[in-house]
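When you line the sequence shown up against the UniProt record's numbering, it's residues 1 to 312, in that order. Backbone N, C-alpha and C define an ideal beta-carbon position, used for all residues, glycine too. In this text the structure is predicted, and so the values were computed from the model without any measurement. Everything on this sheet refers to the single structure shown next.
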Amino acid sequence: MDGANQSVVSEFVFLGLSDSWEIQLLLFVLFSVFYVASMMGNSLIMLTVTTDPHLHSPMYFLLANLSFIDLGISSVTSLKMIYDLFRKRKVISFGGCIAQIFFIHVIGGVEMVLLIAMAFDRYVAICKPLHYLTIMSPRMCIFFLVAAWMTGLIHSVVQLAFVVNLPFCGPNVLDSFYCDLPWFIKLACTDTYQLEFMVIANSGFMSVISFFILIISYIFIILTVQKHSSAGSSKALSTLSAHITVVVLFFGPLIFFYTLPSPSTHLDKFLATFDAILTPFLNPIIYTFRNQEMKVAIREVCRQLVNYRKIS
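Shown next, in the form of structure tokens:
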């Protein structure tokens with residue numbers, strides 16, 4: 001039976017980030033700049049990895065897919081938020097809210113697996129360099145990619161299966177700028193204790209376990225790196241520091257949201273904004289500034305694009 005049809009609520013109202021028109025105008029400018037920069041940066045990484053033969057390796061294959069996912073993160077939440085900054089009444093339909101939750105959790109699940117795959121890639125490259133190309137074969141890369149998307153889809157569908165038929169009879173106000181499970185569940189006119197526990201057990205547990213797997217693997221890699229030559233160690237540690245920074249930026253807000261479900265606060269909104277706007281913007285910067293090979297390749301792609309425009 002269709003839960004949306006049983007519900008009195010047909011749309012949800014976002015309170016947004018601020019009631020001040022001046023602050024909203026400032027946020028519109030800032031977030032628009034970050035969004036455009038994020039889209040351009042991640043698109044440039046994907047283009048560079050695709051066109052440069054020197055970057056056709058497992059590490060850059062995974063990085064290009066991470067950039068693709070970051071494009072999705074930006075588009076699912078940021079576009080709606082930026083658009084709503086100019087609207088006095090910020091609303092989203094019931095179906096739109098469900099769709100937003102679905103894509104947020106698909107993308108989140110995919111990114112978790114990709115980050116684990118990237119850590120595994122660095123482990124093999126540093127700890128088993130002679131077997132790197134054998135272990136990280138094209139088949140293994142495709143396996144990681146398929147596993148990432150299957151994990152994201154299953155993770156999202158399982159959670160939505162429990163909440164899509166919830167009855168909503170009012171209120172319909174979300175103290176946020178996008179739909180997500182912790183806030184969505186609390187508006188249902190039924191006992192949601194078990195569903196809140198399900199969110200912790202699913203999203204929260206998945207975030208915490210993935211985070212600790214990554215941190216433990218990086219600690220192990222760093223201990224291994226210290227046994228190598230100083231020159232090799234410096235390059236490896238530079239790459240690892242970029243990966244660790246991205247992991248902390250991605251998992252920090254997720255662990256806060258899904259392990260400590262509570263009424264929305266200013267900290268909730270700050271972390272949500274950081275996760276939706278700043279993390280996709282920072283990821284390409286972190287990976288390119290810490291990687292000399294990537295910087296050289298990006299400069300070459302930009303030079304070719306400029307020459308192409310001059311010719312055309």
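Length of the line joining the Cα atoms of residue i and residue j
{"i": "Gly41", "j": "Leu17", "result": "26 Å"}
{"i": "Gly10", "j": "Tyr178", "result": "Sequence check: residue 10 is Ser here, not Gly. Roughly 16 Å separates the two Cα atoms."}
{"i": "Gly152", "j": "Phe212", "result": "19 Å"}
{"i": "Asn5", "j": "Asn165", "result": "A caution first: Asn5 carries a pLDDT of 42, below 50, which makes its placement in the model too unreliable to give a value."}
{"i": "Pro58", "j": "Cys141", "result": "6 Å"}
{"i": "Lys90", "j": "Thr190", "result": "25 Å"}
{"i": "Gly109", "j": "Phe162", "result": "18 Å"}
{"i": "Glu293", "j": "His54", "result": "9 Å"}
{"i": "Leu15", "j": "Tyr123", "result": "44 Å"}
{"i": "Ala188", "j": "Ile154", "result": "23 Å"}
{"i": "Pro138", "j": "Leu26", "result": "46 Å"}
{"i": "Ala99", "j": "Gln159", "result": "13 Å"}
{"i": "Ile286", "j": "Ile277", "result": "15 Å"}
{"i": "Ile92", "j": "Ala64", "result": "32 Å"}
{"i": "Ala125", "j": "Phe270", "result": "37 Å"}
{"i": "Leu44", "j": "Asp121", "result": "22 Å"}
{"i": "Gln304", "j": "Thr48", "result": "11 Å"}
{"i": "Asp2", "j": "Ala119", "result": "Residue confidence is low: Asp2 scores 45 on pLDDT, short of 50, so the model does not pin down where it sits. Its coordinate-derived value is still stated next. Their Cα atoms are separated by approximately 42 Å."}
{"i": "Ala117", "j": "Leu71", "result": "19 Å"}
{"i": "Phe168", "j": "Phe184", "result": "10 Å"}
{"i": "Ile221", "j": "Ile69", "result": "26 Å"}
{"i": "residue 317", "j": "Val199", "result": "Summary: the structure shown does not reach residue 317, with the chain confined to residues 1 through 312, and so no result is reported for it."}
{"i": "Tyr83", "j": "Met46", "result": "26 Å"}
{"i": "Leu66", "j": "Val247", "result": "12 Å"}
{"i": "Thr288", "j": "Pro182", "result": "34 Å"}
{"i": "Asp19", "j": "Arg290", "result": "39 Å"}
{"i": "Lys186", "j": "Asn283", "result": "32 Å"}
{"i": "Leu115", "j": "Phe28", "result": "30 Å"}
{"i": "Phe12", "j": "Asp275", "result": "22 Å"}
{"i": "Ser176", "j": "Met112", "result": "24 Å"}
{"i": "residue 317", "j": "His56", "result": "Because the chain in this structure spans residues 1 to 312, residue 317 falls outside the shown range and cannot be described."}
{"i": "Val306", "j": "Tyr60", "result": "24 Å"}
{"i": "Ala272", "j": "Leu79", "result": "14 Å"}
{"i": "Asp52", "j": "Val8", "result": "54 Å"}
{"i": "Lys88", "j": "Met206", "result": "37 Å"}
Bounding residues of the alpha helix (DSSP H) (the contiguous stretch that carries residue i)
{"i": "Val13", "result": "Element bounds for Val13: not the alpha helix (DSSP H) but the beta strand (DSSP E), 11-14."}
{"i": "Ala272", "result": "266-273"}
{"i": "Gln24", "result": "21-51"}
{"i": "Ser217", "result": "205-225"}
{"i": "Thr288", "result": "279-289"}
{"i": "Met200", "result": "In the sequence as displayed, the identity of residue 200 is Ile instead of Met. Looking at the DSSP string, Ile200 is not in any alpha helix (DSSP H), and its letter there is neither H nor E."}
{"i": "Leu260", "result": "That residue, Leu260, is in no alpha helix (DSSP H); it is neither H nor E in DSSP."}
{"i": "Leu181", "result": "181-186"}
For residue i, the residue or residues it bridges with in DSSP
{"i": "Leu174", "result": "Phe14"}
Any non-hydrogen atom of the ligand COA closer than 7 Å to residue i Cβ
{"i": "Leu79", "result": "As for the ligand COA, it is missing from this structure, which has no ligand bound."}
Closer than 8 Å to chain B by CB, residue i
{"i": "Ile216", "result": "The structure shown contains no chain B; it holds only a single protein chain."}
Any 3 or more C-beta pairs closer than 8 Å across the segment 239-250 and the segment 141-154: no
Tell me the start and end of each unbroken alpha helix (DSSP H) in the segment 68-150 that is at least 4 residues and wholly inside, in chain order. As for any alpha helix (DSSP H) of minimum length 4 sitting wholly inside the segment 68-150, the runs are 79-84, 94-127, 132-135, ordered along the chain.
For the pair the segment 131-144 and the segment 209-225, tell me if three or more CB-CB distances fall below 8 Å. no
At least 3 beta-carbon pairs within less than 8 Å: the segment 246-257 vs the segment 295-304: no
For the 8 Å Cβ check, are there 3 or more pairs between the segment 31-51 and the segment 190-203? When C-beta atoms of the segment 31-51 are compared with those of the segment 190-203, fewer than three pairs fall below 8 Å, so the two segments do not count as touching.
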